[in-house]
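Our numbering puts the first residue of the sequence shown at 3, with every later residue one more than the last. Positions of the beta carbon are idealized from the N, C-alpha and C atoms, including for glycine. Here is the structure we will look at, set down as structure tokens.
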Amino acid sequence: MNFDLLKRLCETPGIPGYEDRLRALVKEELRPLVDELRTDVMGNVVGIKRGRAPRVMVAAHMDEIGFMVRYIDKNGFLRLQPLGGFDARMLVAQRVLVHTRSGQTLRGALMASTRPTHVLTEEERNRAPKLEQLFVDLGLPAEKVQELVEVGDMVTMDRTTEQLGENVISKSLDDRLSVYVMLEALRAVRHHEVEIVAVATTQEEVGLRGATTAAYALEPQIGIALDITLALDIPGIEEHEAITRLGKGAAIKLMDSSVISHPKLVRHFREIAEREKVPYQLEILPRGGTDAGAIQRARAGVVTMTLSVPVRYVHTVNEMAAISDIEAAVTLLARYLEEAHTGDYAL
Numbered sequence: 003m004n005f006d007l008l009k010r011l012c013e014t015p016g017i018p019g020y021e022d023r024l025r026a027l028v029k030e031e032l033r034p035l036v037d038e039l040r041t042d043v044m045g046n047v048v049g050i051k052r053g054r055a056p057r058v059m060v061a062a063h064m065d066e067i068g069f070m071v072r073y074i075d076k077n078g079f080l081r082l083q084p085l086g087g088f089d090a091r092m093l094v095a096q097r098v099l100v101h102t103r104s105g106q107t108l109r110g111a112l113m114a115s116t117r118p119t120h121v122l123t124e125e126e127r128n129r130a131p132k133l134e135q136l137f138v139d140l141g142l143p144a145e146k147v148q149e150l151v152e153v154g155d156m157v158t159m160d161r162t163t164e165q166l167g168e169n170v171i172s173k174s175l176d177d178r179l180s181v182y183v184m185l186e187a188l189r190a191v192r193h194h195e196v197e198i199v200a201v202a203t204t205q206e207e208v209g210l211r212g213a214t215t216a217a218y219a220l221e222p223q224i225g226i227a228l229d230i231t232l233a234l235d236i237p238g239i240e241e242h243e244a245i246t247r248l249g250k251g252a253a254i255k256l257m258d259s260s261v262i263s264h265p266k267l268v269r270h271f272r273e274i275a276e277r278e279k280v281p282y283q284l285e286i287l288p289r290g291g292t293d294a295g296a297i298q299r300a301r302a303g304v305v306t307m308t309l310s311v312p313v314r315y316v317h318t319v320n321e322m323a324a325i326s327d328i329e330a331a332v333t334l335l336a337r338y339l340e341e342a343h344t345g346d347y348a349l
């Protein structure tokens, strides 16, 4: 796999509404793969590979969960506004990067407003932290913080992307991994008849906003959302609750909170996977959603499903995916795009 590309995607900061730096990178990578490239009002990057009907929209969101500076107190500590679904238990004593309007990047400690463990009562020690207790210490005098940082500045987690055994581990695999899958699948398509519209969407983590407007404007007949999904094949989780497992292939989603996948489109993907010997697993996600939920309901409706990559430890700085599952997703998507024109999805 092109690990360097994945690393650049994951380590480039971009929270909902502030995807500028990542958008520049995606445009650079997408430009040689498409016939037309543009950016819409919401900041979605739209790349078009010309062909005949039907139009297939492939969507992967660029934004990562992160924070915005909400308040700077008189001592120079930053209070944060979350953008996306954080679990405060996973954030205490992490490091963050504050990206200032002037272009500087400041490293800070993300800490909770609590006493050290040495002097906590038993009740306090067992109490879970809350997001509103978190603050950032930049290690700078208050007047310097006031000079450098503004309310609204972007804050992201400070972690690199690494290979770990047969896996990759990083912050923001959700959903930079799917942007990677989209780019590599376009590279792997040998021929196509349909019109392919590849969209790197914005603001998915706060309500599928970019995909909503993009699908309305582009009017696709078929929509493929690319996202990660939960791999709960870890200690403490019952086997029947695993949803997906690392190393068992790409996940073809049957349903989640936002969408019930089109059954004939699911069948088409399964037939391709079995014929091409691409490992896959079926996914039912009881809670959570993807851009598919927005695409499916655009205008008069779109034949839609989600293709997922299983990931452990989702919405933490240690998101982990198997390289073999990533490769399976790339291959399956590429093979589908080559024969999407043959699909009969009438009900």
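Nearest-angstrom Cα separation, counted from residue j out to residue i
i: Arg40; j: Ala302; result: 25 Å
i: Ser321; j: Asp177; result: The sequence given here places Glu at residue 321; Ser does not occur at that position. Near 10 Å, if we compare the C-alpha coordinates of Asp177 and Glu321.
i: Pro56; j: Ala190; result: 20 Å
i: Ala233; j: Lys146; result: 43 Å
i: His194; j: Glu340; result: 5 Å
i: Ala216; j: Val201; result: 8 Å
i: Thr308; j: Thr203; result: 14 Å
i: Gln148; j: Thr306; result: 48 Å
i: Val153; j: His63; result: 25 Å
i: Val304; j: Arg272; result: 19 Å
i: Asp139; j: Phe79; result: 5 Å
i: Ile353; j: Ala111; result: The structure shown does not extend to residue 353, since the chain is modelled only from 3 through 349, so no value can be given for it.
i: Ile328; j: Val311; result: 6 Å
i: Ala253; j: Pro281; result: 9 Å
i: Gly167; j: Ala348; result: 44 Å
i: Asn46; j: Gly212; result: 6 Å
i: Ser115; j: Pro131; result: 9 Å
i: Lys250; j: Glu124; result: 42 Å
i: Val58; j: His264; result: 14 Å
i: Asn169; j: His101; result: 29 Å
i: Gly49; j: Val36; result: 6 Å
i: Ser260; j: Pro34; result: 33 Å
i: Met159; j: Val28; result: 20 Å
i: Ala294; j: Glu221; result: 14 Å
i: Leu32; j: Met184; result: 9 Å
i: Ile171; j: Leu7; result: 14 Å
Bounding residues of the alpha helix (DSSP H) (the contiguous stretch that carries residue i)
i: Thr214; result: 211 to 220
i: Gly110; result: Not the alpha helix (DSSP H): Gly110 falls in the beta strand (DSSP E), residues 107 to 114.
i: Gly295; result: 294 to 298
i: Asp6; result: 5 to 13
i: Met184; result: 175 to 190
i: Asp1; result: With the chain represented from 3 up to 349, any question about residue 1 goes unanswered, as that position is not in the structure.
i: Glu278; result: 265 to 278
i: Val147; result: 144 to 150
Of the listed residues the options, nearest to residue i (C-alpha basis)
i: Gly19; options: Lys132, Glu66, Asp229; result: Glu66
i: Leu93; options: Val157, Ser104, Val268, Ala275; result: Val157
i: Asn4; options: Ile286, Glu164, Met64; result: Glu164
i: Leu334; options: Gly291, Leu267, Thr107; result: Leu267
i: Arg337; options: Tyr315, Arg314, Ala275, Ala62; result: Ala275
i: Gly16; options: Ile297, Arg247, Val305, Glu206; result: Glu206
i: Tyr182; options: Ala348, Ala330, Leu349, Ala342; result: Ala330
i: Ile230; options: Leu220, Ala187, Leu7, Gly291; result: Gly291
i: Ile286; options: Glu243, Val319, Tyr347, Ala323; result: Glu243
i: Asp258; options: Ala252, Ile245, Pro237; result: Ile245
i: Glu186; options: Gly45, Val332, Leu175, Thr102; result: Val332
i: Leu256; options: Leu142, Leu210, Ile226; result: Ile226
i: Leu11; options: Leu175, Asn77, Leu85; result: Leu175
i: Arg103; options: Arg23, Pro265, Val36; result: Arg23
i: Phe69; options: Leu8, Ile325, Val98; result: Val98
i: Gly209; options: Gly87, Asn77, Ala144; result: Gly87
i: Leu142; options: Thr214, Arg161, Arg109; result: Arg109
i: Lys9; options: Met44, Thr107, Thr162; result: Thr162
i: Arg54; options: Lys279, His270, Gln223; result: Gln223
i: Val60; options: Glu240, Thr344, Ala144, Leu188; result: Leu188
i: Leu228; options: Ala296, Val71, Thr14; result: Ala296
i: Gly345; options: Ile239, Arg269, Arg192; result: Arg269
i: Gln106; options: Ile325, Asp155, Glu241, Glu240; result: Asp155
i: Ala219; options: Ala300, Met113, Asp235; result: Ala300
Residue i burial status per 10 Å Cβ neighbour count (16 or more: buried)
i: His317; result: buried
i: Arg289; result: exposed
i: Ile198; result: buried
i: Gln298; result: buried
i: Lys51; result: buried
i: Ala323; result: buried
i: Val313; result: buried
i: Pro237; result: exposed
Nearest-angstrom Cβ-Cβ length linking residue i and residue j, presumed shorter than 8 Å
i: Leu82; j: Leu136; result: 6 Å
i: Ala90; j: Leu133; result: 5 Å
i: Val151; j: Ala342; result: Not confirmed; about 48 Å, so no contact.
Endpoints, beta strand (DSSP E) assigned at residue i
i: Asp139; result: 136 to 139
i: Gln165; result: 164 to 166
i: Leu2; result: Limits of the chain in this structure are 3 at one end and 349 at the other, which puts residue 2 out of reach.
i: His343; result: Counting along the chain, His343 falls outside any beta strand (DSSP E), and DSSP gives it neither H nor E.
i: Asp229; result: 224 to 232
i: Leu82; result: 80 to 85
i: Arg301; result: Unbroken run through Arg301: none, as it is neither H nor E.
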